[in-house]
Structure formats: structure tokens, C-alpha cells
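Per the working numbering, the very first residue in the sequence shown carries number 217; after that it's consecutive.
Backbone N, C-alpha and C fix where the C-beta goes; we use that ideal spot for every residue, glycine too.
No experiment lies behind these values; they were computed from the predicted model shown.
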Amino acid sequence: MSELPLEPMPTDDASLLETARRAAARASSLQSDARGKVDPSRWTVKGRSDFVTEVDVESERLIVSTLLESFSNHWILAEEGTEHESDGQRAPIRWIIDPLDGTTNFLHGYPEYAVSIAAEDSEGLRAAVVLNSATGELFEASRGAGARRDGQKIRVSDLDDLDLALVGTGFPFKKLNVLPAYLETLSRILRSTAGIRRGGAAALDLCDLASGRLDAFWEYWLMPWDVAAGALIVREAGGVFEELEVPGIESGGAAGRTIADMPPGLGPGAFLGANARLIDGFRRLVRGELPR
């Protein structure tokens with residue numbers, strides 16, 4: 217896959233994060249106001265167990281307009297279809313946006329949904345914000361400067377025993393052809409760890425990994441907007457997050473989108489993550505290489 221042709225970035229991290237926080241806050245406020253008010257008859261089905269509402273679309277519009285007000289020459293890649301490219305120019309930054317990660321949770325009043333915003337430059341992920349719209353908890357990171365939750369530094373756990381690890385996951389409801397393989401992996405991990413949690417919003421799962429609430433995470437089908445912000449937050453918190461090869465899962469590719477190539481290493485595909493002490497063993501466990 218060719219790399220996105222980005223020029224060196226003149227924008228400082230503080231400006232990126234401040235604008236991303238402001239954009240996330242606008243979308244989160246909309247979601248709070250709309251909570252419990254979306255009639256099921258107005259849910260649009262994108263696929264099995266995959267919904268989109270006017271709240272997703274309007275949240276995305278608010279985020280994109282906020283970002284472009286400050287950075288009109290930046291590119292946009294967003295879940296609900298917003299794509300923006302500078303007119304014939306190379307962009308210094310591309311924003312990768314999930315306006316409402318955990319839409320099904322939002323629709324049912326389950327308090328696990330978030331706004332996820334990441335910025336990438338020619339060297340990779342540069343800045344990230346994840347705002348839990350249900351609780352107001354704010355996670356953020358910038359490259360080389362660590363990760364924070366509500367302004368306080370966070371780190372992954374230092375657990376080194378898989379038997380004691382709490383693991384996060386998500387179900388491959390968009391890729392049911394890999395469900396049998398996923399269930400085998402689920403069984404293996406369930407028998408080899410302290411337990412498994414499924415929250416339904418990958419961005420928040422990764423923030424839980426970054427803050428030590430989870431010790432490891434894996435999922436079989438995620439898109440760039442699902443993982444971009446969380447990936448940087450995990451890495452800046454001292455963790456490891458990487459693609460996972462799974463038969464039947466295509467890694468990378470444009471997934472039907474017309475904007476320039478998808479960000480390298482951010483899917484669509486399967487992923488796993490853990491703290492540095494657990495990653496080797498967890499990787500082998502997910503792959504079925506440990507005699508458990």
C-alpha cells in the first residue's frame with residue numbers, strides 16, 4: 217500500500233489537541249441531548265447489528281466543521297462518509313473520525329459510547345482524543361508526549377501473568393465468516409486468563425487498555441476510525457497495538473472508500489494489543505501457539 221503523500225506538518229500538537237477536544241465536545245453535547253430520544257423507526261441499518269442514526273451524521277458534521285474552521289487545508293476520513301481533500305494540494309494532516317463509536321450502546325442507553333478523533337501526518341499518528349459521551353471521561357495523547365485521562369498521565373498495567381489478565385474484545389458481527397475461528401480463540405483466552413469483557417466500543421476498549429483497566433485486547437474486524445485514536449493512546453501509555461493476521465480477514469485496503477489509501481497499519485482488519493510484558497504471550501495465545 218502506498219503511503220499518504222503528506223507534507224511536513226507546521227501545526228503544533230497543542231493546536232491539534234485543542235481543536236480535537238473542542239470538536240469532540242460539540243458532538244458529545246449533541247449526543248447527550250439526544251440520548252433516549254431517537255425513535256427506533258428512524259434507525260438506519262447499515263448491516264447486521266450495525267446501525268446509523270441522524271445523531272451519528274450530525275455528530276460527524278459538527279466535528280468536521282469544527283476541524284475545518286481551524287484547518288481548512290486538512291483532509292478528512294470519517295465513518296459516516298465525509299471525505300475532504302485539499303484542492304490539488306498535499307495536506308499536512310488527515311483527520312480520522314468516528315463520530316459515535318458504540319451506536320448500538322447509545323441507542324439502548326448503555327453508557328459505553330464515545331467520540332474518537334485522530335490526526336495523522338507523514339510519520340503516522342500524531343494526536344488523538346477519545347471522549348466518553350456517557351461519562352465525560354476524556355482520553356488524549358500526542359506522539360512522544362504520553363497519554364492522559366482527564367489531564368492526568370496514564371500507563372498500561374504492569375501485569376506479567378496471563379492467568380491474571382483481564383482481556384477486552386469485540387464480536388466480529390460484520391465478518392460472520394470468521395465467527396467459528398473467533399469462538400475458538402475466545403474459548404482459548406477464556407480458559408487462559410482471569411476473564412473477558414466486551415464493551416461494544418473499540419475506542420473505549422483501547423482507552424481502558426491504556427489506563428490499565430484491561431491488560432490485553434483483541435478483535436477480528438475493525439476499521440481505521442475504530443482504532444486510530446485508541447492506537448495512539450495505547451502506544452503513548454506504554455502499550456503495544458498491532459495488526460493480527462487471521463484467515464478470512466483482509467488486512468488493509470480501501471474498503472470501498474474513495475479518499476487516498478487507508479492509513480497504513482490501521483485496517484480494516486484484525487488487531488491485538490497488550491502491555492509490553494504480556495504482548496508476546498498474548499500474541500501466541502490468540503494465534504493458538506500456546507499449549508493451554
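Whole angstroms are fine: how far does the CA of isoleucine 279 sit from the CA of leucine 488? Position 272 of the sequence shown, counting from 1, holds the residue named residue 488. Position 63 of the sequence shown, counting from 1, holds the residue named residue 279. Approximately 28 Å, taken between the alpha carbons.
What are the boundary residues of the alpha helix (DSSP H) that includes threonine 385? Residue mapping note: residue 385 aligns to position 169 of the sequence shown, counting from 1. Careful: threonine 385 lies outside any alpha helix (DSSP H), inside the beta strand (DSSP E) at 382 to 386.
Rounded separation between lysine 390 and isoleucine 495 - CA only: Position 174 of the sequence shown, counted from the first residue, corresponds to residue 390. Position 279 of the sequence shown, counted from the first residue, corresponds to residue 495. Rounded to the nearest angstrom, the two C-alpha atoms are 26 Å apart.
Judging by CA-CA distance, which residue of Met439, Glu356 and Arg371 is the nearest neighbour of glycine 386? Locating residue 386 in the sequence shown gives position 170, counting from the first residue. Nearest option by C-alpha distance: Met439.
With three or more C-beta pairs closer than 8 Å as the rule, is the segment 390 to 402 touching the segment 338 to 345? no
Once the 5 residues before and after glycine 362 are set aside, which same chain residues still bring their CB inside 6 Å of it? Within the sequence shown, the letter at position 146 stands for residue 362. Same-chain partners within the cutoff: Lys369 and Glu452.
Alanine 447 - containing alpha helix (DSSP H), residue span: Numbered from 1 along the sequence shown, position 231 holds the residue referred to as residue 447. Note, alanine 447: alpha helix (DSSP H), 440 to 452.
May I ask you to verify whether the segment 405 to 418 touches the segment 352 to 367, counting CB pairs closer than 8 Å and requiring at least 3? no
What residues in its chain sit with their C-beta under 6 Å from that of threonine 409, if we drop five residues either side in the sequence? Counting from 1 along the sequence shown, the entry for residue 409 is found at position 193. Answer for threonine 409: Leu378, Ala381 and Val383, listed in chain order.
Excluding the five sequence neighbours on either side, which residues of its own chain have a C-beta within less than 7 Å of the C-beta of serine 248, listed in chain order? Sequence index remark: in the sequence shown, residue 248 carries index 32 (1-based). Same-chain partners within the cutoff: Ser349.
Compare the C-alpha of histidine 324 against each of Val372, Ala294, Asp314 and Arg251 and name the closest. Taking the first residue of the sequence shown as 1, we reach residue 324 at position 108. When each option's Cα is compared against that of histidine 324, the closest is Arg251.
Any idea what DSSP makes of valine 512, helix, strand or coil? There is simply no residue 512 to check, as the chain begins at 217 and stops at 508 in what is shown.
Complete alpha helix (DSSP H) runs within the segment 293 to 359 (minimum length 4 residues, chain order): 319 to 324
Can you give me the start and stop residues for the beta strand (DSSP E) that glycine 489 sits inside? Within the sequence shown, the letter at position 273 stands for residue 489. Counting along the chain, the beta strand (DSSP E) containing glycine 489 begins and ends at 485 to 491.
Please report the residue range of the beta strand (DSSP E) in which glycine 411 lies. In the sequence shown, counting from the first residue as 1, residue 411 sits at position 195. Per DSSP, glycine 411 belongs to the beta strand (DSSP E) from 411 to 413.
Best match in Glu270, Arg238, Ile333 and Arg499 for proximity to tryptophan 291 [C-alpha to C-alpha]: Indexing the sequence shown from 1 puts residue 291 at position 75. The option with the nearest alpha carbon to tryptophan 291 is Ile333.
Residue of Ala490, Arg407 and Glu461 minimising C-alpha distance to leucine 506: Within the sequence shown, numbered from 1, the residue matching residue 506 stands at position 290. When each option's Cα is compared against that of leucine 506, the closest is Arg407.
Indicate the three-state DSSP secondary structure (helix, strand or coil) for alanine 417 in the structure shown. Along the sequence shown, one-based indexing puts residue 417 at 201. Coil, per DSSP.
Proline 396 classed as buried or exposed, judged by whether at least 16 other C-beta atoms fall within 10 angstroms: By one-based count along the sequence shown, residue 396 stands at place 180. With fewer than 16 Cβ atoms within 10 Å of its Cβ, proline 396 is classed as exposed.
Whole-angstrom distance between leucine 293 and serine 275, CA atom to CA atom: Here residue 275 corresponds to residue number 59 of the sequence shown, with the count starting at 1. Here residue 293 corresponds to residue number 77 of the sequence shown, with the count starting at 1. Using only the alpha carbons, I get a separation of about 14 Å.
Can you give me the Cβ contacts of alanine 492 inside the same chain, cut-off strictly under 8 Å, excluding the 5 residues immediately before and after it? Taking the first residue of the sequence shown as 1, we reach residue 492 at position 276. So the qualifying residues of the chain are Val372, Gly454, Gly455 and Val456.
What's the gap between the Cα of leucine 501 and the Cα of alanine 486? Counting from one through the sequence shown, the residue named residue 501 turns up at place 285. Counting from one through the sequence shown, the residue named residue 486 turns up at place 270. Looking at the two C-alpha atoms, the distance is approximately 15 Å.
So arginine 237 is in the alpha helix (DSSP H); what residue range does that whole segment cover? In the sequence shown, counting from the first residue as 1, residue 237 sits at position 21. Unbroken alpha helix (DSSP H) run through arginine 237: 229 to 250.
If I follow the unbroken alpha helix (DSSP H) through alanine 361, where does it start and stop? Sequence index remark: in the sequence shown, residue 361 carries index 145 (1-based). Where alanine 361 is concerned, there is no enclosing alpha helix (DSSP H), given that its DSSP letter is neither H nor E.
Identify, in the order they occur along the chain, each residue of the same chain with its Cβ nearer than 8 Å to the Cβ of alanine 241, setting aside the five sequence neighbours on each side. Position 25 of the sequence shown, counted from the start, is the residue given in the question as residue 241. The answer, listed in chain order, is Leu347.
Between glutamate 336 and glutamate 296, what straight-line distance do the alpha-carbon atoms span, to the nearest angstrom? Locating residue 336 in the sequence shown gives position 120, counting from the first residue. Locating residue 296 in the sequence shown gives position 80, counting from the first residue. Straight-line Cα distance between these residues: approximately 19 Å.
Using the C-alpha atoms, what's the distance from alanine 432 back to tyrosine 398? Taking the sequence shown and counting its residues from 1, the one referred to as residue 398 is at position 182. Taking the sequence shown and counting its residues from 1, the one referred to as residue 432 is at position 216. Looking at the two C-alpha atoms, the distance is approximately 16 Å.
Where DSSP assigns a beta bridge to glycine 455, which residues make up the other side? Within the sequence shown, residue 455 is the residue found at index 239, counting from 1. According to DSSP, glycine 455 bridges with Asn491.
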